[in-house]
Amino acid sequence: MEATKKAKPSCGDAISNLPDDLLCRILSSLSTKEAALTSVLSKRWSNLLLSIPIFDFDDTVFLNPQKGRRKNVFFKAFVDRLLSLRVETSSPVQRVSLKCRQGGVAPDCITKWILTTILLAFPSLQSLRIHESNEWKFWNGSASSTRTLKSLVYRRDSDCCAPKPCVSFDTPSLVYLEYTDVVADKYENLKLDSLVEAKIDFNLTAFQIMRKPNSSGFVSGDVTTFFKAIRNVKILCLSPDALEALYYRGKMIPVFNNLRSLSLGSDKPHGSTFIFWKLLPSMLNNSPNLETLIIKGLVHYVAKGWEDLRPISRLCFSWDDVSASFSSSAVEVLEITRYKGTCQEVNKMKHFLGKLSRLQMVKVHHKAVNDEEKSRLMKDVLLLPKASKCKIQFMKETV
261 MEATKKAKPS CGDAISNLPD DLLCRILSSL STKEAALTSV LSKRWSNLLL SIPIFDFDDT
321 VFLNPQKGRR KNVFFKAFVD RLLSLRVETS SPVQRVSLKC RQGGVAPDCI TKWILTTILL
381 AFPSLQSLRI HESNEWKFWN GSASSTRTLK SLVYRRDSDC CAPKPCVSFD TPSLVYLEYT
441 DVVADKYENL KLDSLVEAKI DFNLTAFQIM RKPNSSGFVS GDVTTFFKAI RNVKILCLSP
501 DALEALYYRG KMIPVFNNLR SLSLGSDKPH GSTFIFWKLL PSMLNNSPNL ETLIIKGLVH
561 YVAKGWEDLR PISRLCFSWD DVSASFSSSA VEVLEITRYK GTCQEVNKMK HFLGKLSRLQ
621 MVKVHHKAVN DEEKSRLMKD VLLLPKASKC KIQFMKETV
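Throughout, my numbering is defined as the position within the sequence shown, counted from one, plus 260.
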């Protein structure tokens, strides 16, 4: 009988026999609060808590309507204690999620957790996402000593905030950058040589647009240094505001030798028609190996009558320059979104199809409401003269 009992291990023994790395993966699938409850089981489980690669802090699991303030204190103490222990033991973390209700935790405490503890304490952090609102501002503009960081997403909701004095990216291993912010006064210490994909959405304040050099010749808000730093990217997405920042606050457009895919514009009706067509030739000429060109919302850049407007001389440009850049471009795939088939759009499609001699595929995401309208859109495009024997696909806009 006794031998039989020994032959049948209990449930607890079976779990204890699992290797530490598997237990850590199991604990990582739980909220960090739930994972922390296992630390009372034994010293081994307590040590496992200091080795799990994923933290998921959520103050709602501490929420008790009758003891709100007290629960906030518990949450703060819990995060402080656990992060401090990880710093002391130098245990790496791969991903950290922090969710706090507005007003639940003081902003300076959040800032300490993000900047002091997360950015500086975890040498193996690979992915970081920061989303600031008008009320919550965490990032001081410096991303440094993060040599394992592969992906960085920074978004600021408001474009009315004051620009950061300085922004630096000391991130030599970064391969993905999504950056939405008001243009900083200056950019320095930019180590982005490994960057593969960048999505840039800059915002300029009216004051930045009109600002002139100071007595020493320095112009705040110059984005030239930033764009030089990302010149090795293979995939680049620029919002309409980013194009305006490059136009007003960029001394030159660097050569993007590695660029394979370029996306310009936005699916929303936004951006300057003049600036789009002014910069497009330079972007194409400075991207000698470009294969795919994506124009989001072509309809936004063909407003009726705009070609006859000349508000200031700097906004003037020549269609000869546009045509020449198309003729020399290596673009093989052209993708157009939000296509409505207006006369102005058809006219611009004529430029693309008639000049892009290496074009192999054209993808048109249309906004037709019925089959009859779709047939009209297709017919108008298919009858246009083409500089190459390219295929044309029409797809219903999904969003």
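Heads up, the beta-carbon is just placed ideally off N, CA and C, and yes, glycines get one too.
Since we're looking at a predicted model, the values are computed, not measured.
query, result
"Spatial distance of S387 from R355 (CA atoms)", "6 Å"
"Contact check, S526 vs P500, beta carbons under 7 Å", "yes"
"Per-residue burial, S589 [other beta carbons within 10 Å of its own, 16 or more giving buried]", "buried"
"Continuous beta strand (DSSP E) stretch holding R458: start and end", "Looking at the sequence provided, one finds Ala at residue 458 rather than Arg. Taken as a continuous stretch (DSSP letters only), the beta strand (DSSP E) holding A458 covers E457 to N463."
"Length of the line joining the Cα atoms of A502 and K410", "23 Å"
"Which of helix, strand or coil DSSP assigns to K556", "strand"
"According to DSSP, residues forming a beta bridge with L525", "According to the sequence as given, residue 525 is Gly; it is not Leu. Answer is K556, bridged to G525."
"Spatially closest choice to D453 from F486, V427 and K446, by CA coordinates", "F486"
"Residue range of the unbroken beta strand (DSSP E) whose run includes H626", "M621 to H626"
"Opening and closing residue of the alpha helix (DSSP H) in which S408 lies", "Note that residue 408 is Thr in the sequence shown, not Ser. T408 -> no alpha helix (DSSP H), and no H or E assigned at all."
"Strand pairing of V442, partner residues [DSSP]", "N463"
"Beta-ladder partner(s) of Y599, from DSSP", "H626"
"Length of the line joining the Cα atoms of R341 and D316", "14 Å"
"Strand pairing of L434, partner residues [DSSP]", "DSSP lists no partner for L434."
"Whether D417 touches K359 by CB criterion (7 Å)", "no"
"Cross-strand partners of Y447 (DSSP beta bridge)", "V427"
"L498 beta carbon less than 7 Å from that of I460", "yes"
"Element boundaries [alpha helix (DSSP H), containing L540]", "T533 to N545"
"C-alpha distance - V582 paired with E392, whole-angstrom precision", "39 Å"
"Cutoff 8 Å; reference T298; Cβ partners in own chain excluding five residues on either side", "L287, W305, L308 and L309"
"Residue(s) in a DSSP beta bridge with H391", "R415"
"Backbone CA spacing between P571 and E504 [nearest angstrom]", "Per-residue confidence for P571 stands at a pLDDT of 46, beneath the threshold of 50, marking its modelled position as unreliable; the derived number appears in the next sentence. Going from the Cα of P571 to the Cα of E504 covers about 16 Å."
"Same chain, Cβ closer than 6 Å to I490, five either side skipped, listed in chain order", "L452, L455 and A458"
"Segment limits, beta strand (DSSP E) that includes I652", "K651 to K656"
"Alpha helix (DSSP H) segment containing R636, residue limits", "D631 to L642"
"Sequence-distant residues of its chain with Cβ nearer than 7 Å to K336 (five each side left out)", "V365 and C369"
"Rounded C-alpha distance that separates E441 from Y507", "The identity of residue 441 in the sequence shown is Asp, whereas the question assumes Glu. One C-alpha to the other measures close to 17 Å."
"Residue from P352, S344, E348 and S351 whose Cα sits closest to the Cα of W373", "S344"
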